[in-house]
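Residues in the sequence shown are numbered consecutively from 628, following our numbering. Don't be surprised by glycine CBs; every beta carbon is placed ideally from N, CA and C. Treat the numbers as computed from the prediction; the structure is a model and nothing was measured.
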Amino acid sequence: MTKTPIILASQSPRRKMLLEWAEIPFEVIVQSTDESFPEGMPVTEVPIHIARGKAEAVKQYVQEAYHGEYAGSTILAADTIVVLDGQVIGKPSDRDEAIRILQSLSGNTHRVITGVVILHSEGEISFSDVTEVHFHHLSPDQIIFYVDKYQPYDKAGAYAIQEWIGVVGIQRVEGDFYNVMGLPVSRVVRELSNHVFSASH
628 MTKTPIILAS QSPRRKMLLE WAEIPFEVIV QSTDESFPEG MPVTEVPIHI
678 ARGKAEAVKQ YVQEAYHGEY AGSTILAADT IVVLDGQVIG KPSDRDEAIR
728 ILQSLSGNTH RVITGVVILH SEGEISFSDV TEVHFHHLSP DQIIFYVDKY
778 QPYDKAGAYA IQEWIGVVGI QRVEGDFYNV MGLPVSRVVR ELSNHVFSAS
828 H
């Protein structure tokens with residue numbers, strides 16, 4: 628695969644790991660951004676909106692700070708949200724909120740939506756991927772054990788599917804498993820191959 632430079636606009640260790648598994652060469656450059664979204668925005672658009680903000684912030688930073696060193700680079704940004712009964716569930720602010728979120732997910736089906744924005748020399752590629760996750764009923768002890776041991780405060784929906792709770796608590800997944808981890812990596816690879824890497828030859 629060509630060495631066209633990819634900038635990952637995310638400090639998520641999961642997204643970094645998935646790109647490494649896909650053997651895509653990349654560098655990480657991150658800028659802090661506002662992750663709010665307009666009221667009434669369709670939920671499938673929310674993570675795209677947030678990811679676009681991340682990508683645009685990194686693009687501006689790179690142009691100002693590196694004076695063309697990264698000219699022609701492709702910027703990849705993503706954002707993942709959890710949606711239950713039409714409501715967006717973000718990252719828990721503390722232990723009590725994490726417990727409340729997992730209590731609401733217990734025994735229910737929710738959607739995990741990852742929005743992806745790829746800025747490249749020809750323009751922008753944006754899409755979202757949806758996975759349905761079905762949780763078993765979790766006991767209060769299971770929820771407290773998970774929150775206290777894994778402290779999932781940096782994760783939308785207060786859990787990571789690749790951790791203990793995914794092994795024990797998830798009944799089934801409909802859709803891309805890796806999307807729940809934070810990046811629909813096979814779709815990303817296809818988009819890069821079709822629109823970015825092919826244009827560099």
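Residue i: buried (16+ other C-beta within 10 angstroms of its C-beta) or exposed?
i, result
"P719", "buried"
"M808", "buried"
"A742", "Looking at the sequence provided, one finds Gly at residue 742 rather than Ala. Classification for G742: buried."
"P767", "exposed"
"T758", "buried"
"A684", "buried"
"V812", "buried"
"P779", "buried"
How long is the line joining the alpha carbons of residue i and residue j, rounded to whole angstroms?
i, j, result
"R642", "V709", "17 Å"
"F824", "D712", "39 Å"
"S820", "P632", "13 Å"
"S753", "G734", "32 Å"
Considering just the uninterrupted stretch of the alpha helix (DSSP H) at residue i, what are its terminal residues?
i, result
"E691", "673-693"
"I726", "722-732"
So, with DSSP's three-state summary, where would you put residue i?
i, result
"H763", "coil"
"F824", "helix"
"F754", "strand"
Assuming residue i is part of the beta strand (DSSP E), what are its boundary residues?
i, result
"I656", "Unbroken run through I656: none, as it is neither H nor E."
"L711", "701-711"
"L646", "Careful: L646 lies outside any beta strand (DSSP E), inside the alpha helix (DSSP H) at 640-648."
"G742", "736-747"
*In chain order, which continuous runs of the alpha helix (DSSP H) of length 4 or greater are located wholly inside the region 777-815?*
If you keep only unbroken alpha helix (DSSP H) runs of at least 4 residues inside the region 777-815, you get 791-796, 804-808.
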